[in-house]
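Those sequence lines, one after another, are chains Y and G.
For what it's worth, my numbering labels the leading residue of the first sequence as 1, then goes sequentially.
For what it's worth, my numbering labels the leading residue of the second sequence as 1, then goes sequentially.
Beta carbons are placed, not taken as given, at the ideal position from N, Cα and C, and that holds for glycine.
Source: prediction; values computed, not measured.
Everything below concerns the one structure shown next.
Protein chains: 2
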Amino acid sequence: MMTEKPIRAVLFDVFGTVVDYRESIIREGHKWNKQKGVTIDWPSLADDWRGACQPTIDRMLNGEKEWKPFDALHREELNRLSSRYDLSCFSEDELRVLNDVWQRLEPWGDSVTGLERLKSQFIIAPLSNGNVSLLTHMAKHAGLPWDLILSPEFIKSYKPDPAVFQMAYHYLGLDPDEIVMAAAHPSDLQAAAEQGMKTAYICRPLEHGMNQITETVTPEDDCDYMARDIVDLANQLIDS
Amino acid sequence: MMTEKPIRAVLFDVFGTVVDYRESIIREGHKWNKQKGVTIDWPSLADDWRGACQPTIDRMLNGEKEWKPFDALHREELNRLSSRYDLSCFSEDELRVLNDVWQRLEPWGDSVTGLERLKSQFIIAPLSNGNVSLLTHMAKHAGLPWDLILSPEFIKSYKPDPAVFQMAYHYLGLDPDEIVMAAAHPSDLQAAAEQGMKTAYICRPLEHGMNQITETVTPEDDCDYMARDIVDLANQLIDS
Chain Y
1 MMTEKPIRAV
11 LFDVFGTVVD
21 YRESIIREGH
31 KWNKQKGVTI
41 DWPSLADDWR
51 GACQPTIDRM
61 LNGEKEWKPF
71 DALHREELNR
81 LSSRYDLSCF
91 SEDELRVLND
101 VWQRLEPWGD
111 SVTGLERLKS
121 QFIIAPLSNG
131 NVSLLTHMAK
141 HAGLPWDLIL
151 SPEFIKSYKP
161 DPAVFQMAYH
171 YLGLDPDEIV
181 MAAAHPSDLQ
191 AAAEQGMKTA
201 YICRPLEHGM
211 NQITETVTPE
221 DDCDYMARDI
231 VDLANQLIDS
Chain G
1 MMTEKPIRAV
11 LFDVFGTVVD
21 YRESIIREGH
31 KWNKQKGVTI
41 DWPSLADDWR
51 GACQPTIDRM
61 LNGEKEWKPF
71 DALHREELNR
81 LSSRYDLSCF
91 SEDELRVLND
101 VWQRLEPWGD
111 SVTGLERLKS
121 QFIIAPLSNG
131 NVSLLTHMAK
141 HAGLPWDLIL
151 SPEFIKSYKP
161 DPAVFQMAYH
171 YLGLDPDEIV
181 MAAAHPSDLQ
191 AAAEQGMKTA
201 YICRPLEHGM
211 NQITETVTPE
221 DDCDYMARDI
231 VDLANQLIDS
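Listed below in structure tokens is the structure:
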């Protein structure tokens with residue numbers, strides 16, 4: 001009988017899994033509306049802004065577009081949304097502040113407690129498409145107690161490039177099956193599983209708002225752990 | 001009059017500056033002596049082991065030797081010391097455990113308190129020659145509350161290569177003069193200053209033991225901050 005290797009590290013997708021980007025953007029957006037006396041549709045802008053990223057990442061991964069860090073990508077997409085949402089009332093300095101909202105995202109209610117529990121026993125790190133400074137500032141703002149930041153910026157790539165997952169276990173000096181990848185998105189989990197990592201699905205039914213019709217995990221997805229939230233994941237991993 | 005930019009990040013040399021490698025190795029070594037009934041001279045071994053690293057790094061930096069991560073370098077130097085210190089009583093598994101002592105180094109008494117204070121206001125990270133997994137495990141063991149790990153492993157180089165310091169401010173998204181490099185070694189401070197970083201000398205009179213005759217900082221070295229220890233540095237930076 002094979003004995004299972006103990007888990008040594010838990011890596012996290014961040015946007016949607018650890019932080020609630022949609023509500024955070026809407027909340028800051030409403031302040032801008034009040035301050036400027038405008039009526040920008042922030043829920044829709046947040047969805048479009050986030051939604052534009054993955055297709056652009058795909059174009060970078062297949063070589064159609066030169067790699068750039070995630071905060072520059074956010075800025076590029078924001079510029080593209082400028083006319084649709086009439087952002088002309090924003091000065092250049094204000095657009096910079098607005099773009100940095102990604103550094104000020106709020107964690108889900110369970111995230112900090114869950115990460116702190118996991119940190120007591122495992123190495124914890126983001127494995128997010130965010131660049132290093134974005135993830136660092138976000139962690140300071142949200143109180144995310146990472147042991148280290150792992151970012152595809154180190155190899156100028158993006159998830160789901162297999163090299164990103166390989167980079168993670170290489171730098172950690174661990175075998176892939178000593179690592180759990182935790183995410184609210186089956187695509188991350190599938191890519192991690194293909195590299196031999198264990199997988200944990202974190203349920204985030206409100207990531208896309210109240211009317212969410214989103215990717216769901218079915219038993220066929222065959223996750224190693226299914227968790228209601230990060231505290232639940234900590235309970236499962238620390239008991240196991 | 002130029003207004004000074006506020007400090008955003010404080011980076012640390014680690015071996016000697018944050019952790020007391022010499023005493024940590026001696027302490028573990030004495031346990032090995034007892035366990036194995038041998039009389040290995042651990043103070044001398046610790047000095048030789050540490051002392052062998054920089055010349056080998058220099059050979060890697062000038063292209064005479066292929067780059068390898070710091071823990072592999074430690075292991076190579078340990079093998080070289082094996083006959084001088086009669087380490088033949090160690091099995092292969094025991095040598096691996098012994099080499100991992102660098103992951104179990106103890107912090108100086110002020111390090112954790114000082115780093116926690118600095119973390120409340122600044123980004124804090126090691127900028128050490130240690131590889132990522134070595135620095136990560138050390139931080140877990142010693143309770144060093146880094147915001148992120150910065151390692152020359154990301155660019156397969158070593159300090160004092162200027163590219164290592166450039167990498168740090170690039171990934172942090174900061175200008176060099178928004179960063180303080182803190183070290184007990186003038187060589188680190190000089191290399192950081194050449195890249196435009198601010199510098200803080202941390203006094204570690206016992207790094208090399210009781211009879212230390214070591215590099216000292218004179219007023220000509222022109223550090224921005226001179227600190228008795230990391231708590232003193234925190235007091236100076238947080239007051240400033």
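Excluding the five sequence neighbours on either side, which residues of its own chain have a C-beta within less than 6 Å of the C-beta of residue i, listed in chain order?
i: A139 (chain Y); result: W146
i: S111 (chain G); result: V18, I230
i: P219 (chain Y); result: With a pLDDT of only 48 at P219 (chain Y), under 50, the local geometry of the prediction cannot be trusted, and no value is derived from it.
i: A183 (chain G); result: D13, T17, L189
i: L172 (chain G); result: A9
i: F15 (chain Y); result: Y21
i: L45 (chain G); result: Y85
i: K156 (chain Y); result: W67
i: A234 (chain G); result: G114, R117, L118
i: S24 (chain G); result: L105, E106
i: M197 (chain G); result: P176, I179, M181
i: T199 (chain G); result: M181, L189, A192, A193, C223, D224
Is residue i close to chain G? Criterion is C-beta to C-beta, closer than 9 Å.
i: L172 (chain Y); result: yes
i: P219 (chain Y); result: At P219 (chain Y), the pLDDT of 48 sits below 50, so the modelled position is not reliable; the number obtained from the coordinates is stated separately. Not closer than 9 Å to any Cβ of chain G, the Cβ of P219 (chain Y) fails to qualify, so no.
What does residue i touch in chain Y if you count any residue whose Cβ is under 7 Å from its own?
i: L149 (chain G); result: Note on identity: in this sequence residue 149 (chain G) is Ile, with Leu being the wrong assignment. In chain order: L148.
i: F154 (chain G); result: F154
Check whether chain Y comes within 9 Å of residue i, counting only Cβ atoms and requiring the distance to be less than that.
i: E23 (chain G); result: no
i: I202 (chain G); result: no
i: V18 (chain G); result: no
i: Q236 (chain G); result: no
Go through its chain and collect everything with a Cβ distance to residue i's Cβ below 8 Å, but skip five positions before and after it.
i: H74 (chain G); result: W49, C53, N99, W102
i: V38 (chain Y); result: W32, D86, C89
i: P107 (chain Y); result: V18, V19, D20, A142, G143, L144
i: T56 (chain Y); result: K65, L73, E76, E77
i: I149 (chain G); result: A125, P126, V132, L135, T136, A139
i: C203 (chain Y); result: A184, M226, A227, R228, D229
i: L81 (chain G); result: L45, D48, W49, A52, L87
By Cβ distance, which residues of its chain are closer than 7 Å to residue i, with the 5 residues on each side in sequence left out?
i: P69 (chain Y); result: N131, E153
i: K36 (chain G); result: C89
i: T113 (chain Y); result: V231
i: G209 (chain G); result: R22, P43
i: I238 (chain Y); result: R117, Q121
i: Q236 (chain G); result: Y225, A227
* **Members of the region 115-143 of chain Y near chain G, C-beta cut-off 7 Å** => So the close ones are I123, V132, S133, T136, A139, K140.
* Asked: Does the region 25-33 of chain G come close enough to the region 90-106 of chain G that 3 or more CB-CB pairs lie under 8 Å?
  -> The region 90-106 of chain G, when compared against the region 25-33 of chain G, does touch it at the 8 Å Cβ threshold.
* **Contact residues within the region 55-84 of chain Y, judged by C-beta distance below 9 Å to chain G** => Answer in chain order: P69, D71.
* Asked: What residues in the region 161-194 of chain G have a beta carbon less than 7 Å from any beta carbon of chain Y?
  -> Under the 7 Å Cβ criterion, the region 161-194 of chain G contributes Y171, L172, G173.
* Asked: Touch check for the region 111-125 of chain G and the region 92-103 of chain G: three-plus C-beta pairs under 8 Å?
  -> Judged by Cβ distances under 8 Å, the region 111-125 of chain G makes no contact with the region 92-103 of chain G, as fewer than three pairs qualify.
* Asked: Is it a yes or a no for the region 191-202 of chain G touching the region 158-171 of chain G, going by three-plus beta-carbon pairs under 8 Å?
  -> Taking 8 Å as the limit for Cβ pairs, the verdict is that the region 158-171 of chain G does touch the region 191-202 of chain G.
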